[in-house]
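Student:
There are 2 protein chains.
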Amino acid sequence: MENSSELRQDIVSGEWVTIATARAKRPQDFLFAPKKRFDQSKESCPFENPNEAILLDVQKESAHATKQTGEWFVRVVKNKFPAFAEGECSVLYKDGIYTKMEGAGHHEVVVTRDHNRSIADFTDEEAKLLMLAYKGRYLGLHTAPCVSYVFIFHNHGAESGATIAHPHSQIMALPVVSPDVQRSLVGSENYYRVNNRCVHCDVINFEIKSRVRVVHENEHALVVCPYASKTAFEMRIFPKRHASEFHTMDDDEYAGIGISLQIALQKLKRGLDDPSYNFFIHTAPTFDHTAYPHYHWHIEILPKTAIWAGFEIGTGIEISTIAPESAAAFLRDIE
Amino acid sequence: MENSSELRQDIVSGEWVTIATARAKRPQDFLFAPKKRFDQSKESCPFENPNEAILLDVQKESAHATKQTGEWFVRVVKNKFPAFAEGECSVLYKDGIYTKMEGAGHHEVVVTRDHNRSIADFTDEEAKLLMLAYKGRYLGLHTAPCVSYVFIFHNHGAESGATIAHPHSQIMALPVVSPDVQRSLVGSENYYRVNNRCVHCDVINFEIKSRVRVVHENEHALVVCPYASKTAFEMRIFPKRHASEFHTMDDDEYAGIGISLQIALQKLKRGLDDPSYNFFIHTAPTFDHTAYPHYHWHIEILPKTAIWAGFEIGTGIEISTIAPESAAAFLRDIE
Numbered sequence: 001m002e003n004s005s006e007l008r009q010d011i012v013s014g015e016w017v018t019i020a021t022a023r024a025k026r027p028q029d030f031l032f033a034p035k036k037r038f039d040q041s042k043e044s045c046p047f048e049n050p051n052e053a054i055l056l057d058v059q060k061e062s063a064h065a066t067k068q069t070g071e072w073f074v075r076v077v078k079n080k081f082p083a084f085a086e087g088e089c090s091v092l093y094k095d096g097i098y099t100k101m102e103g104a105g106h107h108e109v110v111v112t113r114d115h116n117r118s119i120a121d122f123t124d125e126e127a128k129l130l131m132l133a134y135k136g137r138y139l140g141l142h143t144a145p146c147v148s149y150v151f152i153f154h155n156h157g158a159e160s161g162a163t164i165a166h167p168h169s170q171i172m173a174l175p176v177v178s179p180d181v182q183r184s185l186v187g188s189e190n191y192y193r194v195n196n197r198c199v200h201c202d203v204i205n206f207e208i209k210s211r212v213r214v215v216h217e218n219e220h221a222l223v224v225c226p227y228a229s230k231t232a233f234e235m236r237i238f239p240k241r242h243a244s245e246f247h248t249m250d251d252d253e254y255a256g257i258g259i260s261l262q263i264a265l266q267k268l269k270r271g272l273d274d275p276s277y278n279f280f281i282h283t284a285p286t287f288d289h290t291a292y293p294h295y296h297w298h299i300e301i302l303p304k305t306a307i308w309a310g311f312e313i314g315t316g317i318e319i320s321t322i323a324p325e326s327a328a329a330f331l332r333d334i335e
Numbered sequence: 336m337e338n339s340s341e342l343r344q345d346i347v348s349g350e351w352v353t354i355a356t357a358r359a360k361r362p363q364d365f366l367f368a369p370k371k372r373f374d375q376s377k378e379s380c381p382f383e384n385p386n387e388a389i390l391l392d393v394q395k396e397s398a399h400a401t402k403q404t405g406e407w408f409v410r411v412v413k414n415k416f417p418a419f420a421e422g423e424c425s426v427l428y429k430d431g432i433y434t435k436m437e438g439a440g441h442h443e444v445v446v447t448r449d450h451n452r453s454i455a456d457f458t459d460e461e462a463k464l465l466m467l468a469y470k471g472r473y474l475g476l477h478t479a480p481c482v483s484y485v486f487i488f489h490n491h492g493a494e495s496g497a498t499i500a501h502p503h504s505q506i507m508a509l510p511v512v513s514p515d516v517q518r519s520l521v522g523s524e525n526y527y528r529v530n531n532r533c534v535h536c537d538v539i540n541f542e543i544k545s546r547v548r549v550v551h552e553n554e555h556a557l558v559v560c561p562y563a564s565k566t567a568f569e570m571r572i573f574p575k576r577h578a579s580e581f582h583t584m585d586d587d588e589y590a591g592i593g594i595s596l597q598i599a600l601q602k603l604k605r606g607l608d609d610p611s612y613n614f615f616i617h618t619a620p621t622f623d624h625t626a627y628p629h630y631h632w633h634i635e636i637l638p639k640t641a642i643w644a645g646f647e648i649g650t651g652i653e654i655s656t657i658a659p660e661s662a663a664a665f666l667r668d669i670e
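Just so you know, the sequences run in chain order A and B. With our numbering, letter number 102 in the first sequence gets 102, and the count goes up by one each step, no holes. Quick note, our numbering runs 335 ahead of the 1-based positions in the second sequence.
1. For B:Asn530, tell me which candidate among B:Pro628, B:Arg576, B:Val444, B:Glu460 has the shortest Cα-Cα distance.
2. Since A:Ala243 and A:Val17 are thought to touch, with beta carbons under 8 Å apart, how far apart are those beta carbons, to the nearest angstrom?
3. Any idea which residues DSSP pairs A:Lys269 with across the strands?
4. Give the residues from the segment 553-574 of chain B that approach chain A closer than 7 Å (Cβ to any Cβ), ordered along the chain.
5. Hey, B:His441 and B:Ala500: beta-carbon distance below 8 Å or not?
6. Within a Cβ cutoff of 8 Å, which residues of the same chain sit near B:Phe692, ignoring the five residues on either side of it in sequence?
7. Closest to B:Val445 by CA distance: which of B:Pro574, B:Tyr473, B:Asp459, B:Met436 is it?
8. Is the CB of A:Gln9 under 8 Å away from at least one CB in chain B?
9. With a threshold of 8 Å between beta carbons, is B:Thr434 in contact with chain A?
10. Could you run through the segment 472-493 of chain B and flag, in chain order, every residue whose CB is less than 7 Å away from some CB of chain A?
11. Mind checking the segment 579-608 of chain B against chain A and listing, in chain order, the residues whose C-beta falls within less than 7 Å of any C-beta there?
12. Can you list, in chain order, the residues of its chain whose CB lies under 8 Å from that of A:Phe280, leaving out five sequence neighbours each side?
13. Counting only Cβ pairs nearer than 8 Å, list the residues of chain B close to A:Asn278.
14. Taking CB distances under 8 Å as the criterion, tell me whether B:Leu520 reaches chain A.
15. Under 9 Å Cβ-Cβ, which residues of chain A neighbour B:Leu637?
16. Check A:His216 in the structure and name its three-state DSSP category.
17. For B:Ala468 versus B:Val411, is the C-beta distance shorter than 8 Å?
18. For A:Glu6, go through chain B and note every residue whose CB falls closer than 8 Å to its CB, in chain order.
19. Taking the beta strand (DSSP E) that A:Gln182 belongs to, which residues open and close that run?
20. Output, in chain order, the set of chain B residues within a Cβ distance shorter than 8 Å of A:Phe73.
21. Compare the beta carbon distance of B:Met570 and A:Leu7 with 8 Å and say whether it is the shorter of the two.
22. Taking the runs of the beta strand (DSSP E) that are 3 residues or longer, which of them lie wholly in the segment 101-140 of chain A?
23. Touching or not, the segment 316-335 of chain A and the segment 267-276 of chain A, by the rule of three or more beta carbon pairs under 8 Å?
24. Please specify which runs of the beta strand (DSSP E), each continuous and at least 3 residues long, are wholly inside the segment 281-334 of chain A, giving them in chain order.
25. Taking only the alpha-carbon atoms, compute the straight-line gap between B:Glu660 and B:Ala599 and give it to the nearest angstrom.
26. Any beta carbon from chain A within less than 8 Å of B:Ser379's own beta carbon?
27. Identify the continuous alpha helix (DSSP H) that holds B:Ser545 and give its terminal residues.
28. Could you spell out the range, first to last residue, of the beta strand (DSSP E) harbouring A:Gln40?
29. Please state the DSSP three-state secondary structure of A:Leu92.
30. What does A:Met172 touch in chain B if you count any residue whose Cβ is under 9 Å from its own?
31. Ordered along the chain, which non-local residues of its own chain (more than five positions away) have a Cβ less than 6 Å from that of B:Ile654?
32. Are the C-beta atoms of B:Pro514 and some chain A residue less than 8 Å apart?
33. Counting pairs of beta carbons, one from the segment 580-592 of chain B and one from the segment 544-561 of chain B, are three or more of them closer than 8 Å?
34. Once DSSP output is grouped into helix, strand and coil, what is the label at B:Thr434?
35. Give the secondary structure of B:Phe416 by DSSP, where H, G and I count as helix, E and B as strand, and everything else as coil.
36. Beta-carbon of B:Gly405 versus every beta-carbon of chain A: anything under 8 Å?
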């Protein structure tokens, strides 16, 4: 069975991924040559100076100016083309044999100051300000009427689905808990019932001991390539202290997590010629006042290294062409 | 709430999709201008005349020659770079706190005769031969040792993940039931327990009566844009007769389903300037000798009309920018 593939089970969801070592590539083979590059000038950028837009609470805090410049660094505005728009709370109704609801919610955009500096280029202070902006809006939205889940994500590069070059994250407040989060909650709860421990804490402890998949570590955060990576060079950032909800960290922890995010993205940029990627935050939902002792919030970073084809779309089993251990070793060495 | 979005629940899985009518496009807006086109000549094509490859049983049957030419039309060969390779049966083993298995299985390629004619261009007879080739290999693989699921799929166009231009389908025999199929089985079983009816039969009957999402219908097959479409212009082909397993149709039924597949793909090609797409067959697993009265096999066709971005990747909620009813009306009118 040499040169064949391996199926690895996700310890939380129980689902399988394929590590196709028979089709293995060396890390440098992931430097996709014909990459789409944005051609959007600073002059015509809608995010260049979002003064006139309706600014949301967070930017009024003076904390969101950097000490160095004394000027704003992060601003949050409403999305002009919301996928989920403010309105009356969604109610379920029947449509023949089917069920639907209106897409009530919120859709905001987190804009950072510089057109040409992505998170990979941030200073420690800037990375912390970004995390605090996320937290501010999370706090603002998670108790809003009708909101079942607050989802924070970031698209970088044309292949990631981003359509505006200026670095920006998005926050969506949804009227349902998303299926991916739901499955993750169920999986971690099952593990907790059997083992009486948080599955993510077990992963953190195991990875710190074994080290083969660790990319970066600081006092508050751990960055690893997950054992059952879904894509090549996937990374996951865990806060070291057990916390099920994103908004419950202290400022030092946000600083440590912000730095680890900046370092992880800098390694991608330097090691793989600035690939496109998506990252997002998975947290326990807080709207329902349920305790989720089994859940541990985290950030998932998914570089866009392959097209999903019929196999992945139809099975849900992703095929990664580099072992997470090799990806971690490569990223670890990037200064 | 005008111009906002709508969440629709998948009647089988219970999961939600978003129909973002606020971002709606007219069907003609989906004619993606800068499409990647394959530049692979017939002369250098590895699938042009796969004589020397190890042909599998199915092509030896004389039925796989067309009456018109008397020559072969479909051939099935082993994939030279298998994602799942033949070998000893996979066994689970522990890897620290994790679980893995070797990726034992089979990976075959179904090649049709003509370099430049895709399924959209097939005659009725050719479409039937393709379905019979699928059936032949399904029968050959579903009882093979170690096989838990046989997955048949087809990638068309560069954006679908296809890397070879010559039309070909792939068949993978897997050592696990894929998560997507597993969820689909659980969902349809839950519906069956409550209603004592096959959920897909209910969908077929409802759609035939309402007609707004019907794209094509013949004696044996129904083509619809699903109520909870995950992507723009998604289509699903159901055999009208209830059957949980793909290999249990009679020849007339394969003919009717083959024709409906050819017509559906022809409508995509003519109406949307030959977009990339993936299609695949979802069937109940047969290896375990369990009966699946609640399941109804079908074909899912997913045109590649958008990039999955952070939201879709992190939530599992896809955003479609055209209502399935509008997509069906558009496709229905394409001759």
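Glycine is no exception: its CB is placed at the ideal position from the N, C-alpha and C atoms.
Tutor: For this structure:
1. B:Pro628
2. The beta-carbon distance between A:Ala243 and A:Val17, rounded to whole angstroms, is 26 Å. This is too long to meet the 8 Å contact definition.
3. According to DSSP, which records beta bridges pairwise, A:Lys269 is partnered with nothing at all.
4. From the segment 553-574 of chain B, only Tyr562 have a Cβ closer than 7 Å to chain A.
5. no
6. What the structure shows of chain B is the stretch from 336 to 670, and residue 692 of chain B is not part of that stretch, so it cannot be assessed.
7. B:Tyr473
8. Yes, A:Gln9 counts as interfacial toward chain B.
9. yes
10. Phe486, Phe488, His489, Asn490
11. none
12. Cβ neighbours of A:Phe280 beyond the five flanking positions: Phe151, Ile152, Phe153, His154, Ile299, Glu300.
13. Chain B residues near A:Asn278: Ala644, Gly645, Ile648, Gly649.
14. no
15. Gly310, Ile313, Gly314
16. strand
17. It is a contact, given that the beta carbons lie within the stated cut-off.
18. Lys435, Met436, Glu437, Gly438
19. A:Gln182 -> not in any beta strand (DSSP E); alpha helix (DSSP H) instead, spanning 179-195.
20. Simply none; closest approach about 22 Å.
21. no
22. 106-112
23. Yes, the segment 316-335 of chain A touches the segment 267-276 of chain A.
24. 298-303
25. 16 Å
26. no
27. Where B:Ser545 is concerned, the enclosing alpha helix (DSSP H) stretches over 534-545.
28. Where A:Gln40 is concerned, there is no enclosing beta strand (DSSP E), given that its DSSP letter is neither H nor E.
29. coil
30. Phe646, Thr650
31. Thr353, Ala355
32. yes
33. yes
34. Residue state for B:Thr434 is assigned as strand, using DSSP reduced to three classes.
35. coil
36. no
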